[in-house]
Amino acid sequence: MIVETLNETIKVRADFQGGVITPLAFKHNDRTLHVERIHARWEDRETRFKRWFFSVRAEGAVYELHLDGGDMTWHLDRVCVE
Amino acid sequence: MILHLDIDAFFASVEQLRNPALRGLPVIVGSGVIASCSYEARRFRLRAGMPLGKAKRLCPGVVILPGDSHIYEAFAQKVWDVCGRFTPDMETFLDDAYLELSGSERLRGTAEQIARNIKDAVGAGSGLSVTVGIATSRVIARMASAKGKPDGLTTVREGEERDFVRALPVKDLPGVGPATAGILRKVNVTTIGELAGLPPHALLDLLGRNGLALYERANGRDSMVIHRNEIPRSISRETTFRKDTIDPAEIEATLYYLVERAMKTARHLGLAARTVAVKIRYSDHEGDRASKTLPHHTDLDAEIFETARELLGRLHARRVSLHAVGMALSGLALSRTRERFLFDPLERTKLRRLYVALDDLRDRYGYAAVITGKSIELLRHLPRNSHDFVLRTPSLTK
C-alpha cells in the first residue's frame, strides 16, 4: 500500500442536502473522479472554522479530502493506492 | 446505574475506517511503542506499550502507522456527541467514557436498552464499535466493559458485584498496577476474591491508604461519581524527537512549542495552571520527571515556560541525547472567575491580550501561521503541513 500526501486545492461537486455534505466528484490531474463510496467522515473543530474531512473511494484508490469552512475551498490531502 | 463505554481498538479502528484496505489486517498505531493495535494484531500477542521492534518480530506482516491525534480526537468527539444525546452526565477520556444513567432511565428505558441504543447510534454515526459495561459503580462498570471486549455489553446488577469480581485476577482491579500486584502475590493474593477476604487493616499495613480503597473495590463498593469535563486534572503535551538530540536549542524549542500548545488549550477552556511538570526520556530509555508549583495561577506562556525551562535544566543532567520530552499543566482552575487577574499589572494584562490574539490568529489560519519565541528554531528541525509542525509523536493525552 502506497500513501502519497498531496495537499492540493481542488474543485469538488458536492451535495449539501439536509445539512449533510456529500462529495460526489472531484477534479484531480485534469481528470474528473467520481466518488464511488464514502468510507469515513469526520470534523475538525480545533480551528475557528470547521473543516469537514472525507475518506472516499474513487477509481480504485482511497482519497482523503476536506472542505475548509473558512473560505469554502476543497483540499485533496492524500491518496492511498493498494 | 453507571455505564462505561470503551471504543474498541480505537486508533487502529479509525485507520481501518479511513482505509478499508487495512480491514482484516494486523494494524498498529504508534511510534517507538504501540499506542493501539487492531484485534487482528492482538492475535499475534501484540499489546499496547510493546516496542515496535518486538511487534515486528512477533508479526512480520504487521502494518505500522504513525497516527494522527487530530483525527482520533475528531472521531472521539463524534462518539461523545452521540453519548451526549442520552445523558448530559458524562466524563470522557481519550477512548472511553463514564455515563451516569440514573436520570435517563425513566425517559429512555432500562440501562441495557440505553446501552444498546448507544452502541447502535455510535456504530451508525461513526462506524466504530464500542464495548459497554453497566453497573452501580464506576469501577465495576469499567471491569464489566473490559470483560465484554470487543463489541460487547455486560451488565452487573445491584447485589451481584461481589460475585462478578470474585474470580477475576487481582490485576484486573482498577488501581492495581504491576507493583501492587507483585506485593499482593507475595502474600498469595492472586484473585479479587482473595483480596476481598483480607482484613482491611492488613491491606492498610501492606499498601497504605490505597489498600483501603482496593478493599472497598474488591468488595464491589465504589463511591466515585461522574465528573463532567469542566476542569481536567491536567493538560499534557509530549513528543519524541525525530532524531535523538543533545542540542539544547532544539530541546528548548520543542519544550517551548509544547508549552504553547498546552497553554492554548488551557486558555481555550478558560483555565489557568499552577503546577508545571516536565519529563524527559534519554536515548538509553532512562527517564526523569520534575514538577514545580507556582505561587499563583497563570495563563501566560512566558511564566509557564520559564518554570518549564528551569525544570528541564535541572532534569537534563546527563551528557546523553534525549529521545523524548513532555510537559504537563495541573492545578488547573477557571481563570475567568479568578478575581486575581482583575488586579494584574498592565504589563501582564497586555501580555494576556497578546496571547489571546495569537490564539485567534492560529484558530483562523492554522497553528503554524504564527511562530513565536524559541519555536522558530523548530523550523530547522521539523517539517510543516498547512496547519502545523508535524511532530513525530504528537501527544495523545487530553
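Residue numbers (the numbering used here), protein chains in the order written: chain W, 1 to 82; chain R, 1001 to 1398. Glycine is no exception: its CB is placed at the ideal position from the N, C-alpha and C atoms. Just so you know, these numbers come straight off a predicted model, no measurement behind them.
With contact defined as three or more Cβ pairs closer than 8 Å, the stretch 1292-1310 of chain R and the stretch 1237-1251 of chain R are not in contact.
Taking the Cβ atoms as the reference, T1087 of chain R lies roughly 6 Å from E1100 of chain R, within the contact range of under 8 Å.
For G70 of chain W, the chain R residues whose Cβ falls inside 8 Å of its Cβ are R1364, in order along the chain. Contact between the stretch 1161-1178 of chain R and the stretch 1032-1049 of chain R is absent: fewer than three C-beta pairs spanning the two stretches fall below 8 Å. Within chain R, the C-beta atoms nearer than 7 Å to that of A40 of chain W come from L1017, R1018 and G1127, in chain order.
Under the Cβ criterion of 8 Å, F1075 of chain R is counted among the residues facing chain W. Straight-line spacing of the CA atoms in L1065 of chain R and G1197 of chain R works out to 45 Å. Fully contained in the stretch 1090-1165 of chain R are the following alpha helix (DSSP H) runs of length 4 or more, in chain order: 1105-1108, 1111-1126 and 1138-1147.
Annotation for L1195 of chain R: V1170, L1173, L1184, V1189, L1203, L1214, Y1215 and A1218 place their beta carbon closer than 8 Å to its own, counting only its chain and skipping 5 residues before and after.
When the beta-carbon positions are compared, V1122 of chain R and I1140 of chain R stay at least 8 Å from each other. At the C-beta level, E36 of chain W and A61 of chain W stay beyond 8 Å of one another. Taking a Cβ-Cβ threshold of 7 Å, the residues of chain W close to I1071 of chain R are W42, in chain order. One thing to note: S1283 of chain R has its Cβ no nearer than 8 Å to the Cβ of D1222 of chain R.
Runs of the alpha helix (DSSP H) lying entirely within the stretch 1305-1377 of chain R and spanning at least 4 residues, in chain order: 1346-1365. Non-local beta-carbon contacts of F49 of chain W in its own chain, meaning distances under 6 Å to residues more than five positions away in sequence, involve G69 and G70 in chain order.
Here R1267 of chain R is near V1356 of chain R, since their CB atoms are less than 8 Å apart. Note on geometry: alpha-carbon atoms of I1034 of chain R and A1328 of chain R lie some 22 Å from one another.
When the Cα atoms are used, V1320 of chain R and E1260 of chain R turn out to be separated by approximately 26 Å. Using a Cβ distance threshold of 8 Å, A1135 of chain R and I1007 of chain R do not count as a contacting pair. In this structure, DSSP gives L67 of chain W an extended state, which the three-state scheme calls strand. In summary, the residues of the stretch 1075-1089 of chain R whose CB is separated from some CB of chain W by less than 9 Å are F1075, Q1077 and K1078, in the order they occur in the chain. As computed with DSSP, F26 of chain W is found in a beta bridge with W:V12 and W:L33.
For G1211 of chain R, the number of other beta carbons within 10 angstroms of its own is at least 16, and it is reported as buried. Residues of chain R whose Cβ lies closer than 7 Å to the Cβ of E82 of chain W are, in chain order, A1021. Comparing alpha carbon positions, the residue from R:K1374, R:I1251 and R:A1302 closest to H1323 of chain R is R:I1251. L24 of chain W counts as exposed, since fewer than 16 other beta carbons sit within 10 angstroms of its beta carbon. Taking a C-beta distance under 8 Å as the contact criterion, S1104 of chain R and I1114 of chain R qualify as a contact pair. The alpha carbon of D1151 of chain R has as its nearest neighbour, out of R:E1091, R:G1287, R:F1075 and R:K1119, the alpha carbon of R:K1119. The beta carbon of S1330 of chain R sits closer than 6 Å to the beta carbons of S1234 and T1275 from its chain, once the five residues preceding and following it are set aside; these are given in chain order. As the crow flies, the alpha-carbon of H1296 of chain R is around 11 Å from that of E1303 of chain R. In the same chain as V3 of chain W, and ignoring 5 residues on each side of it, the C-beta atoms closer than 7 Å to its own belong to R78 and C80, in chain order. For E1238 of chain R, the uninterrupted beta strand (DSSP E) run begins and ends at S1234 to T1245, by DSSP. A distance below 6 Å between beta-carbons, with the five flanking residues on each side excluded, links I1231 of chain R to the following residues of its chain, in chain order: L1332. Identification of residues in the stretch 48-62 of chain W having a C-beta nearer than 8 Å to some C-beta of chain R yields R48, F49, F53, S55, R57 and V62, given in sequence order. Note on geometry: alpha-carbon atoms of G1193 of chain R and G1148 of chain R lie some 20 Å from one another.
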